[in-house]
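Worksheet: one structure, shown below.
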Amino acid sequence: MKLILKSLIGLWVIIMVTGLFLPKDYRIERFTIVDADLATLHAYVQDLEQWQVWSPWLEADPTMAVTLGSITAGPGAFQSWQGESGNGELLFTQVNEQTGVSYDIWFNQKADKAQGAIQYEPLDGGQIKVIWTMQGEVSTPIFGPYLALFMDGMVGPSFDLGLYKLKSLVETGTIH
Numbered sequence: 003m004k005l006i007l008k009s010l011i012g013l014w015v016i017i018m019v020t021g022l023f024l025p026k027d028y029r030i031e032r033f034t035i036v037d038a039d040l041a042t043l044h045a046y047v048q049d050l051e052q053w054q055v056w057s058p059w060l061e062a063d064p065t066m067a068v069t070l071g072s073i074t075a076g077p078g079a080f081q082s083w084q085g086e087s088g089n090g091e092l093l094f095t096q097v098n099e100q101t102g103v104s105y106d107i108w109f110n111q112k113a114d115k116a117q118g119a120i121q122y123e124p125l126d127g128g129q130i131k132v133i134w135t136m137q138g139e140v141s142t143p144i145f146g147p148y149l150a151l152f153m154d155g156m157v158g159p160s161f162d163l164g165l166y167k168l169k170s171l172v173e174t175g176t177i178h
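Going by my numbering, the sequence shown opens with residue 3, and the numbers climb by one from there.
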């Protein structure tokens, strides 16, 4: 019994000490290729009202209540949300119909801030590569770096779903 207790305490100490030395930063990146013109794509990306149609998080948390700011499109567009999965705010910092949208995003009463972007990269044949990124740093000491390690695995599938829905919407006018 003492050996098991000592082993558990030792394991706990190792986990805590390791957490002090792990990186706190993370980066998530996903992309898709769409067959659409920039104007059609940009109309869905630069307007937070349109995000309600293709956002992966509304599907993941049906309790989520989204509040849009007085500006919903272009620079300064703002939204906040509250749900079982958490709360946060998003603010468009840069909007360009040729290159995409950049935003700041805060989670958990602004405890954690990240920067995100949905960028457009025109390809040959009229296609557009749409790249969704988010990077930030987890502020929680000791266990935050463990969260940062798994951030891509936790958020990446939501980016994949959102890009799938956006692609479908832009190409066909509906989500399949």
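C-beta: ideal position from N, C-alpha, C; glycine also.
Remember, predicted model here, so these are calculated numbers, not experimental data.
- If the five residues before and after E139 are omitted, its C-beta is found closer than 6 angstroms to the C-beta atoms of K26, D27, all from its own chain and listed in chain order.
- Between the region 39 to 54 and the region 85 to 103, the count of C-beta pairs closer than 8 angstroms reaches three or more; the two stretches touch.
- Going by beta carbons, G85 and T65 fall inside the 8 angstroms limit.
- By the C-beta density criterion, L22 is exposed, having fewer than 16 other C-beta atoms within 10 angstroms.
- Counting along the chain, the unbroken alpha helix (DSSP H) around G158 starts and ends at 146 to 174.
- In the DSSP annotation of this structure, the continuous segment of the alpha helix (DSSP H) that includes E51 starts and ends at 50 to 56.
- Restricting attention to Q137, I120, K115, the CA atom closest to the CA of L151 is found in Q137.
- According to the DSSP assignment, T42 belongs to no beta strand (DSSP E) but to the alpha helix (DSSP H) extending over 40 to 47.
- Your pair P58 and G164 checks out as a contact, with CB atoms roughly 4 angstroms apart and the cut at 8 angstroms.
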